[in-house]
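To start, the structure itself, in structure tokens.
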Amino acid sequence: MSEWQTYNLKDVTTKIGSGSTPTGGSGAYKAEGISLIRSQNVLDYKFTDDGLAFIDDDQAYALRNVIVEPNDVLLNITGDSVARCCGAPIDWLPARVNQHVAILRSNPAVMHNKFLKYALLASKEELLILSEIGGTRNALTKGMLEDFEIQLPPLPEQKAIASVLSSLDDKIDLLHRQNKILEAMAETLFRQWFIEDAKEDWEECELSDFGQIVCGKTPSKSNANYFGNDIPFLKIPDMHGKVFIAKTTDNLSQLGALSQAKKMVPKNSICVSCIATVGLVSITDCDLQTNQQINSIIPNESKFLYYLYEVMLDMYEDLHNLASGGTATLNLNTGDFSKIKIAKPDDVTLLQFNNAATPLFSKIRFNDSQIQTLEQLRDTLLPKLMSGEVRVQYQTEEIA
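Residue numbering for the sequence shown follows the working numbering, beginning at 19 and increasing consecutively.
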């Protein structure tokens with residue numbers, strides 16, 4: 019690493035800065051227009067358009083000092099998501115950022131933009147520690163970022179390192195896109211079979227008629243022995259964008275799971291978020307437990323699985339209406355959830371739909387497994403490449 023040099027970010031970037039929220043807050047957002055990127059849109063490695071806000075030309079002009087350019091890197095600088103980082107979303111430009119997101123623009127003469135992104139991701143622990151200094155809420159100030167040190171190899175090696183990591187990210191992104199197509203195909207089948215061609219003689223039944231309803235629970239946090247690495251413990255953040263749940267951020271020990279054994283949810287059950295963030299739906303791909311914000315359906319018969327999954331997705335607005343109850347926090351209790359009435363198609367139709375949908379969902383499961391393998395490889399390589407422990411071959415660029 020003798021040729022690697024240490025720089026402050028301010029010396030290798032042409033811009034470090036964050037924006038603001040238009041006057042009026044969320045009430046000032048528009049149905050369409052110029053994208054306003056907020057912290058919820060910036061995930062590690064990738065951008066998500068979930069909850070993307072829009073502003074009009076006048077609001078955008080007021081934020082003209084934080085115009086997002088194609089090669090920019092976006093970094094969350096406040097709150098629980100501080101230090102999450104991704105590249106600028108080409109598909110959603112033109113865009114601005116609010117006060118919780120910083121734009122970092124590399125100087126292309128000395129630093130490759132993708133190398134900057136991966137360097138920040140590799141430095142996440144350092145950034146998190148830095149964000150805890152001097153305030154009650156985690157925050158990274160402009161000064162902190164300007165003075166943050168980064169090690170740079172020669173530009174050709176930066177590009178080679180970024181190429182290795184980007185190739186993995188591109189494959190991961192491709193598999194995610196394939197899954198979105200497969201999900202859309204399954205939804206189309208569902209709507210054709212059970213909405214457009216619905217039969218009037220199908221009876222309405224309560225959800226509890228399709229299977230056992232389980233409301234999750236969190237074991238006592240006063241007993242540290244209840245938590246470990248044995249049983250996945252599902253919470254709402256684990257459900258975002260996931261059809262199948264194979265792993266979770268938090269886990270219980272065998273002792274913790276046994277302390278509430280009746281809360282065990284087996285593989286091929288449907289989990290639905292019912293408090294605060296209502297209407298997320300996932301299928302368990304392993305035995306697990308959930309917290310109290312999630313109700314699960316353990317189907318009586320396998321032919322119900324994908325039908326119930328699609329029904330719950332289709333009921334997003336209905337679930338929100340049921341959970342409103344006049345309170346500030348949405349809450350759909352287990353009793354009301356169990357009594358939700360849905361159509362119960364005849365057995366032949368359910369079996370035919372299940373046979374048609376199974377190959378689609380099986381492919382999604384397979385893709386998920388590949389994504390997990392690729393992410394593990396990328397996460398293993400990232401610190402080794404960014405520290406110079408693992409080197410890549412590259413050609414020195416010739417000066418014309």
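We put the CB at the ideal spot given by N, CA and C, even for glycine.
These numbers were taken from a predicted model, which means no experiment stands behind them.
Proximity below 9 Å, CB of R56 to CB of A71: In the sequence shown, residue 56 corresponds to position 38, counting from 1. In the sequence shown, residue 71 corresponds to position 53, counting from 1. The Cβ atoms of R56 and A71 lie closer than 9 Å to each other.
Three-state secondary structure (DSSP) of D29: The residue you call residue 29 lines up with position 11 of the sequence shown. D29: helix per DSSP, three-state reduction.
Identity of the residues DSSP links to F245 by a beta bridge: Here the question's residue 245 lines up with position 227 in the sequence shown. DSSP, once it has assigned bridges, lists L270 as partnering F245.
Uninterrupted alpha helix (DSSP H) stretches inside the region 133-175 (no shorter than 4 residues): The qualifying runs are 142-149 and 160-165.
T352, enclosing beta strand (DSSP E) - first and last residue: Here residue 352 corresponds to residue number 334 of the sequence shown, with the count starting at 1. Counting along the chain, T352 sits inside no beta strand (DSSP E); it lies in the alpha helix (DSSP H) bounded by residues T352 to S356.
Nearest-angstrom Cβ-Cβ length linking K235 and S300, presumed shorter than 8 Å: Your numbering for residue 235 matches position 217 in the sequence shown. Your numbering for residue 300 matches position 282 in the sequence shown. In fact, because the Cβ distance is near 18 Å, the residues do not count as touching under 8 Å.
Sequence-distant residues of the same chain with beta carbon closer than 8 Å to I389, five excluded per side: In the sequence shown, the residue the question calls residue 389 occupies position 371. Counting only Cβ-Cβ distances below 8 Å, and skipping sequence neighbours, we find I190, L193 and H194.
Neighbourhood of N318 by C-beta, 7 Å cutoff - its chain only, sequence neighbours within 5 removed: As a first step, residue 318 must be located in the sequence shown, where it is residue number 300. Cβ within range, chain order: F228 and G229.
Whether Q395 touches Y136 by CB criterion (9 Å): Locating residue 395 in the sequence shown gives position 377, where the first residue counts as 1. Locating residue 136 in the sequence shown gives position 118, where the first residue counts as 1. Looking at the sequence provided, one finds Leu at residue 395 rather than Gln. Taking 9 Å as the cut-off, the Cβ atoms of L395 and Y136 do not count as close.
Within 9 Å, strictly: CB atoms of S149 and A157: Locating residue 149 in the sequence shown gives position 131, where the first residue counts as 1. Locating residue 157 in the sequence shown gives position 139, where the first residue counts as 1. Contact: yes.
Beta-carbon spacing of Q413, P174 below 9 Å: Residue numbering aside, residue 413 sits at position 395 when the sequence shown is read from its first letter. Residue numbering aside, residue 174 sits at position 156 when the sequence shown is read from its first letter. The Cβ atoms of Q413 and P174 sit closer than 9 Å to each other.
Terminal residues of the alpha helix (DSSP H) in which N372 lies: The residue labelled residue 372 in the question sits at position 354 within the sequence shown. Unbroken alpha helix (DSSP H) run through N372: D365 to S405.
Helix, strand or coil at T39 [DSSP, three-state]: Position 21 of the sequence shown holds residue 39. Note: T39 maps to coil in three-state DSSP.
Neighbour-count burial assignment, P384, 16 or more Cβ in a 10 Å radius: Within the sequence shown, the letter at position 366 stands for residue 384. In the sequence on display, residue 384 carries Phe and not Pro. The residue is exposed, with fewer than 16 neighbouring Cβ atoms inside 10 Å.
Exposure label - D187; buried when at least 16 CB within 10 Å: Indexing the sequence shown from 1 puts residue 187 at position 169. Note on D187: 16 or more other CB atoms within 10 angstroms of its CB, so buried under the neighbour-count rule.
Between the CA atoms of E164 and S44 - distance to the nearest angstrom: As a working mapping, residue 44 is identified with position 26 in the sequence shown. As a working mapping, residue 164 is identified with position 146 in the sequence shown. CA-to-CA, the gap between S44 and E164 works out to about 30 Å.
Bridge-paired residues (DSSP) for A113: Your numbering for residue 113 matches position 95 in the sequence shown. S53, per the DSSP bridge assignment.
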